[in-house]
Structure formats: C-alpha cells, structure tokens
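In our numbering, the protein residues as written are 365 to 544.
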C-alpha cells in the first residue's frame, strides 16, 4: 500500500477490489505487528475516518526471518500461508474471459518448478526475483491502470534420505584408467 501513501481502509479496499469490512481484521493485525501505523484522521461525509501508512512508505514491507525464534517462525509461516491463500483467491477471480494466458502481454500464469540449483543458479534466481520485485514496487502512474499481484516462494527441499530414481544428484564419473 506504499503507493497509496496515507490512506483509509476504504481506500485500501477500493485499490484491492475487496470489501472494506473484510480488511479491518487484517489492518488491526498489521498495526499490532508494526507494519502499518496510524496516520491521523480525515473527514469523510462529516465523519472522522482513520488513516494508516506503512512503517516504511518508501520501501516494500518485508518479512523479518528468524527461524530460531519460535514466535517469529509462527508469524512468518502464518504470513506466508495468508499470502498463498490470497494468491489462490486472486487467481480464481482473474481466471475468466478477460485473462490473457499467452503472448507478450500475458497477465495470468501459474507454474511450479523444481530444480537442482548450484550456488551460481541461486544467485541468478535471487537477482531475477529482485528485478521482478522492483517492477512491482513502482508507484501507480498514468498507464499503470490495472493492479496485478506476484507471489513467489523459493524454498530448498530438505533431504529426507530417500529419493526416487530420477531425483538422484549427478555423480561424478570415475576417470578412465590407463591400461597397464
């Protein structure tokens, strides 16, 4: 909501295309954890309306990861679960006749990929994700008239000791031996 600056729950609802009464619970939670902060009030049809602003209006809100802290782990895992539920709802609503599912202006796409990554691969993936995130952090401007959402998760899959045949890591072949 950084692009909105100080705004009310009604402003957020209009921007997100959701009913305002479905956002109050989430706004209270975001205020409680410090991601949103009260920013005063304004008059709306003669009644005071609470305004909110992000803690860092010039930056995207980011999760703070501390897997060793059980309280932080619970909060982060809850936030990720919520993001994924919202993504499913957004995708379901967008899956209709206006969806562009092919070509250079594609606006609806879901995929899941699993791969063996090297350190260099992981560096490239993170660089590309940062580039995408930077695009999504751009402020609303003329020509940017339709809101889109991008949700991604990158996670290493823990080695459980049992692998299917196709999941085995590549083995280094033995060097050919010279004949005696």
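A virtual CB, placed ideally from N, CA and C, is assigned to each residue, including glycine.
Note that this is a predicted model, so its numbers are computed, not measured.
*From residue 370 to residue 482, what distance separates their C-alpha atoms?*
Within the chain shown, residue 370 is the residue found at index 6, counting from 1. Within the chain shown, residue 482 is the residue found at index 118, counting from 1. Their backbone Cα atoms lie some 43 Å apart in a straight line.
*List the whole-angstrom C-beta distance separating residue 383 from residue 377, where the pair is believed to meet the contact cut-off of C-beta under 8 Å.*
Counting from 1 along the chain shown, the entry for residue 383 is found at position 19. Counting from 1 along the chain shown, the entry for residue 377 is found at position 13. 6 Å between Cβ atoms; contact.
*asked:* With H, G and I counted as helix, E and B as strand and the rest as coil, what does DSSP make of residue 448?
replied: Within the chain shown, residue 448 is the residue found at index 84, counting from 1. Three-state DSSP puts residue 448 in a helix.
*Chain-order list of residues whose beta-carbon lies under 6 Å from that of residue 524 (same chain, five-residue window excluded)*: Numbered from its first residue, the chain shown carries residue 524 at position 160. Within the same chain, residue 524 has no close Cβ partners at all.
*Compute the Euclidean distance between the alpha carbons of residue 491 and residue 474, then round it to the nearest angstrom.*
Reading the chain shown from its first residue, position 127 is the one you call residue 491. Reading the chain shown from its first residue, position 110 is the one you call residue 474. Their Cα atoms are separated by approximately 20 Å.
*asked:* In this structure, how does DSSP classify residue 400 when only helix, strand and coil are distinguished?
replied: Within the chain shown, the letter at position 36 stands for residue 400. Correct three-state label for residue 400: strand.
*Any idea what DSSP makes of residue 407, helix, strand or coil?*
Numbered from its first residue, the chain shown carries residue 407 at position 43. Note: residue 407 maps to strand in three-state DSSP.
*Within 10 angstroms of its Cβ, does residue 400 collect 16 or more other Cβ (buried), or is it exposed?*
As a first step, residue 400 must be located in the chain shown, where it is residue number 36. Counting Cβ neighbours within 10 Å, residue 400 comes out buried, since at least 16 surround it.
*Measure the C-alpha to C-alpha separation of residue 505 and residue 478 and round it to an integer number of angstroms.*
In the chain shown, residue 505 corresponds to position 141, counting from 1. In the chain shown, residue 478 corresponds to position 114, counting from 1. Separation of residue 505 and residue 478 (C-alpha to C-alpha, rounded to the nearest whole angstrom) is 36 Å.
*So what's residue 459 in DSSP terms, helix, strand or just coil?*
The count along the chain shown starts at 1 and reaches residue 459 at position 95. Coil.
*I think residue 516 touches residue 493, with their Cβ atoms under 8 Å apart; what is that distance to the nearest whole Å?*
Along the chain shown, one-based indexing puts residue 516 at 152. Along the chain shown, one-based indexing puts residue 493 at 129. The C-beta distance from residue 516 to residue 493 rounds to 6 Å, short enough to meet the 8 Å contact threshold.
*In this structure, what does DSSP give as the bridge partners for residue 417?*
Sequence index remark: in the chain shown, residue 417 carries index 53 (1-based). DSSP, once it has assigned bridges, lists 401 as partnering residue 417.
*Using a Cβ-Cβ cut-off of 7 Å (strictly less than) and excluding sequence neighbours within five positions of residue 440, which residues of its own chain qualify?*
Taking the chain shown and counting its residues from 1, the one referred to as residue 440 is at position 76. Closer than 7 Å at the Cβ level, and outside the excluded window around residue 440, lie 427 and 429.
*asked:* Please list the terminal residues of the continuous alpha helix (DSSP H) segment that includes residue 500.
replied: Against the chain shown, residue 500 aligns to sequence position 136. First-last of the alpha helix (DSSP H) with residue 500: 483-500.
_Where residue 434 falls: helix, strand or coil (DSSP)_ = Start at 1 with the first residue of the chain shown, and residue 434 comes out as number 70. When secondary structure is reduced to three states using DSSP, residue 434 falls in the helix class.
*Out of 419, 443 and 466, state which residue places its alpha-carbon closest to the alpha-carbon of residue 557.*
The structure shown has nothing for residue 557, since the chain only spans 365 to 544.
*Who are the Cβ neighbours of residue 458 in its own chain at under 6 Å, not counting the five residues just before and after it?*
Working through the chain shown from its first residue, we reach residue 458 at position 94. Cβ within range, chain order: 472.
_6 Å CB neighbourhood of residue 412 in its chain, flanking five on each side removed_ = Sequence index remark: in the chain shown, residue 412 carries index 48 (1-based). For residue 412, same chain residues with a beta-carbon under 6 Å away, outside a window of 5 residues either side, are 405 in chain order.
*Can you grab the Cα-Cα spacing for the pair residue 465 / residue 443, in whole Å?*
Start at 1 with the first residue of the chain shown, and residue 465 comes out as number 101. Start at 1 with the first residue of the chain shown, and residue 443 comes out as number 79. Distance between the alpha carbons of residue 465 and residue 443: 28 Å.
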